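74 is the number of the first residue of the sequence shown in our numbering; add one for each residue after it.
The beta carbon of each residue, even a glycine, is placed where N, CA and C say it ideally should be.
Being a predicted model, the structure only gives us computed values, none of them experimental.
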Amino acid sequence: MPLLIGILLLLVLVPVIIYNNLIRKKNAVDNAFFSMDVMLKKRYDLVPQLVDTVKGYMQHERTLLESLTLLRQQVAEKHAVNDSVKLDNQLQNLLAQVQVTAENYPDLKASENFLRLQGAINETEEQLAASRRYYNAAVNDYHNAIQSFPSSLVAGLAGMGRKDYFSTAEETKAVPSVSFKS
């Protein structure tokens, strides 16, 4: 009789322990995403300052600045993870274009406001990169848990599915072109 009770207790306790472990990993993924979302908001708040600072110097690049402003407005809306990734990559690409374009404006490069903003944006981009690495590590840990036996059985019964990784879009991997034409 004690053996039967022990086996029944084990059959109940093991799935509960596995389920709780899966919930911790799922919550770690959510926490990592929301931490990264804070960094995206910080970047989002820096964009109008950057646009205002460079607007007077970069009259010829008006479309670039308008695109940056429009994309910032789109980022402000809540999106699914995949849409957030796409918009984030587009914003990152446009910010890189502004930084490269600024090289053609010596007065802008010497502007204290621009230099301060450039530093803030660079710091934010580094923090975003760290946040993305943390998020992807949490997703990887979660995927390992939901795909490993026996936790895969519990994950399947609980409806726990895969999460999307953050990755760099192909267009942001390209080296921006820098022109020194006079």
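Within-8 Å CB hit, residue i to chain B
{"i": "Y215", "result": "Checking the listed chains, one finds no chain B in this structure; it contains a single protein chain."}
Alpha helix (DSSP H) segment containing residue i, residue limits
{"i": "S221", "result": "First-last for S221: undefined, no H or E at that position."}
Residue i in three-state terms, based on DSSP
{"i": "S240", "result": "coil"}
{"i": "R97", "result": "helix"}
{"i": "R235", "result": "coil"}
{"i": "M74", "result": "coil"}
{"i": "S252", "result": "Since pLDDT at S252 reaches only 43, below the 50 mark, its modelled position is unreliable, and the value read off the structure follows with that caveat. Coil."}
Inter-residue spacing [alpha-carbon to alpha-carbon] between residue i and residue j
{"i": "Y233", "j": "Y207", "result": "Per the sequence shown, residue 233 should be read as Met rather than Tyr. Roughly 20 Å between the two C-alpha positions."}
{"i": "V251", "j": "L137", "result": "At V251 the pLDDT is 40, less than 50, meaning the model places this residue with poor confidence; the figure from the coordinates comes in the next sentence. If I take the Cα positions, the gap works out to 15 Å."}
{"i": "F106", "j": "Y238", "result": "10 Å"}
{"i": "E185", "j": "E199", "result": "21 Å"}
Status (buried if at least 16 other CB within 10 Å, exposed otherwise) for residue i
{"i": "L123", "result": "buried"}
{"i": "F187", "result": "buried"}
{"i": "L141", "result": "buried"}
{"i": "V85", "result": "exposed"}
{"i": "D118", "result": "exposed"}
Runs of 4 residues minimum, wholly inside the segment 150–215: which ones carry the alpha helix (DSSP H) assignment? Counting only runs of 4 or more residues that sit fully inside the segment 150–215, the alpha helix (DSSP H) segments are 154–175 and 179–183, in chain order.
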